[in-house]
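Colleague: Residue numbers for the sequence shown follow my numbering, so the first one is 153 and each next one is one higher.
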Amino acid sequence: LEELSGVIENTAQIGLFKLRFSGVYIWSERASKLSFNFYNVQVSVGRAVVFDRNLRKQFLELDDKSYFLQHENQKKLPFFIFNACNETYASAQGRGGGFALWKRIK
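1) What residues are listed by DSSP as bridge partners for Y177?
2) For the beta strand (DSSP E) that contains K255, what are its first and last residues?
3) In angstroms with no decimal places, state the Cα-to-Cα distance between F188 and K217.
4) If you compare alpha carbons, which of Y191, F203, E181 is closest to K209?
5) Given this structure, state the Cα-to-Cα distance separating A242 from N206, to the nearest angstrom.
6) To the nearest angstrom, how far is it from the Cα of G249 to the Cα of G167?
7) On the premise that S157 lies in contact with Y177, defined as a C-beta separation below 8 angstroms, what is that separation, rounded to the nearest angstrom?
8) Here's the rule I'm using: 16 or more other beta-carbon atoms within 10 Å means buried, otherwise exposed. How should K258 be labelled?
9) Compute the Euclidean distance between the alpha carbons of T240 and K255, then round it to the nearest angstrom.
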């Protein structure tokens with residue numbers, strides 16, 4: 153499988169306050185590269201959603217995946233190039249040169 157795409161989410165939570173971004177990604181196995189963009193932001197307090205906004209400004213008739221694949225300039229998207237992964241952690245370098253480390257919490 154050379155490329156696959158799907159939904160990506162990034163969430164930060166402090167107490168009952170939760171900030172969630174969601175969007176679309178494309179994974180290139182050959183390059184170990186995850187390109188993505190966020191199209192929705194949501195704020196929740198407890199289980200109540202208090203803010204939910206679409207971040208796209210054009211082609212709103214398209215779903216996010218279709219927009220991502222048809223209209224995004226793939227060369228300008230944020231990305232991570234993964235250099236080490238296992239069942240416990242993953243590490244990658246971002247588009248801006250920063251280093252990211254994720255640890256699985258069970």
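Cβ atoms here follow ideal geometry from the backbone N, Cα and C, with glycine treated the same way.
Modeller: From the atom records:
1) Working through the sequence shown from its first residue, we reach residue 177 at position 25. DSSP lists G158, F188 as partners of Y177.
2) Against the sequence shown, residue 255 aligns to sequence position 103. K255 -> beta strand (DSSP E) spans 251-255.
3) Here residue 188 is taken as the residue at index 36 of the sequence shown, counted from 1. Here residue 217 is taken as the residue at index 65 of the sequence shown, counted from 1. So the two alpha carbons sit approximately 11 angstroms from each other.
4) Counting from 1 along the sequence shown, the entry for residue 209 is found at position 57. Per the Cα distances, Y191.
5) Translated into the one-based positions of the sequence shown, residue 242 becomes position 90. Translated into the one-based positions of the sequence shown, residue 206 becomes position 54. C-alpha separation (whole angstroms): 29 angstroms.
6) Numbered from 1 along the sequence shown, position 97 holds the residue referred to as residue 249. Numbered from 1 along the sequence shown, position 15 holds the residue referred to as residue 167. Going from the Cα of G249 to the Cα of G167 covers about 31 angstroms.
7) As a position in the sequence shown, residue 177 is number 25, starting the count at 1. As a position in the sequence shown, residue 157 is number 5, starting the count at 1. 6 angstroms between Cβ atoms; contact.
8) Position 106 of the sequence shown, counted from the first residue, corresponds to residue 258. It is exposed - the Cβ of K258 has fewer than 16 other Cβ atoms within 10 Å.
9) Residue numbering aside, residue 240 sits at position 88 when the sequence shown is read from its first letter. Residue numbering aside, residue 255 sits at position 103 when the sequence shown is read from its first letter. Straight-line Cα distance between these residues: approximately 6 angstroms.
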